[in-house]
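Numbering (the working numbering), first residue to last: 109 to 472.
The following block contains the structure:
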């Protein structure tokens, strides 16, 4: 296994900058998800680790040693692509053993290693089948077995579950996590799927426009992202333009709905000027909604229910509140079972202080 260091990696393709100073470290045995929108440079970063492209500036190191001069076949990297890239004319056993044959291993050793790899991905007995005879999930497992059978120092997964339907994806997420934990292989997963990134990795690195915007544990990055664009990309969020009056650690917030709140700056070191404009953010699952009554409580404001979208166990409630400068729209996630509000109702809404974050007005 290996630790991985990407240090200030720059790369332009066709005169267009793709990587703009990417720096990222993976500890030995760690699983990191590189998450970002299409075109942000995440797959190019993976290709640089694999040895398919070389940066114009910067360095890639395995265990502290530069691998920039090493071709792809000498880096001992296992790869799994979104389309699996299985040879259609080869059996499962031949596909899995391909890398070992290229390394000149003996047939008996290959047979034993292939059997062990297929057992790990729960495909024992499938050795003689062709890829066309397999389901999508089974083809994904064959691709994984082929990647791990060479005992790679680093495992690179490029959108590994993107071609599967939702039910298969959920099952494969569990299998991938189990396999990575059992083998202890340093792993980089490239994905645009936020749920996939959060569920599979020890840490998530969010990437925008060829740069790493934030790196942290899944829970920390979701609960307290350092930037507004990271919060917006990693799940759903409500944003409001507010006016601040900083007091101590927490900031007094004047909302456009006329309610005062207290909220934490997303960056604990950030100091806002008195009366500064800022953006308040809160996740939909933290917005509290109840039927309106004559007994309004402190910190609540009135809103109308614009629509309800059922998402299984939860219902997304779309709200509109009167505010200075025009109506404000919010969404709240509430348990669908027993929900006693409907479209057109007037409700009381609360934004709990402990779940409100403050970002710069025009910052990322």
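Glycine is no exception: its CB is placed at the ideal position from the N, C-alpha and C atoms.
query                                                                                                       : result
Completely contained alpha helix (DSSP H) runs for the region 278–316, where each covers 4 or more residues : 302–308
Pair within 8 Å by beta-carbon distance, residue 180 and residue 158                                        : yes
For residue 118: DSSP bridge partner residues                                                               : 128, 165
Range of the contiguous alpha helix (DSSP H) that encloses residue 204                                      : 200–204
Close Cβ partners of residue 134 (< 7 Å) along its chain, the five nearest in sequence each way excluded    : 111, 112, 140, 294, 296
Identity of the residue in 318, 314, 319 nearest residue 329 by Cα                                          : 314
Residues bridged to residue 191 (per DSSP)                                                                  : Answer by DSSP bridge pairing: none, since residue 191 is not bridged.
Cβ pair residue 408, residue 456 closer than 8 Å                                                            : yes
Simplified DSSP state of residue 401, which is helix, strand or coil                                        : coil
Beta carbon proximity, residue 457 to chain D, threshold 8 Å                                                : This model lacks chain D altogether, as it is built from one protein chain only.
Cα-Cα separation, residue 268 to residue 332                                                                : 27 Å
Burial state of residue 170, where buried means 16 or more other Cβ atoms lie within 10 Å                   : buried
Nearest neighbour of residue 323, chosen from 128, 136, 142 [CA to CA]                                      : 142
Alpha-carbon to alpha-carbon, residue 214 and residue 327                                                   : 46 Å
Three-state class that DSSP yields for residue 175 in the structure shown                                   : coil
Of the residues 246, 468, 283, 371, the one placed nearest residue 460, counting alpha carbons only         : 371
Host beta strand (DSSP E) of residue 410 (start-end)                                                        : 408–419
Cβ pair residue 383, residue 469 closer than 8 Å                                                            : no
Cα-Cα separation, residue 413 to residue 454                                                                : 6 Å
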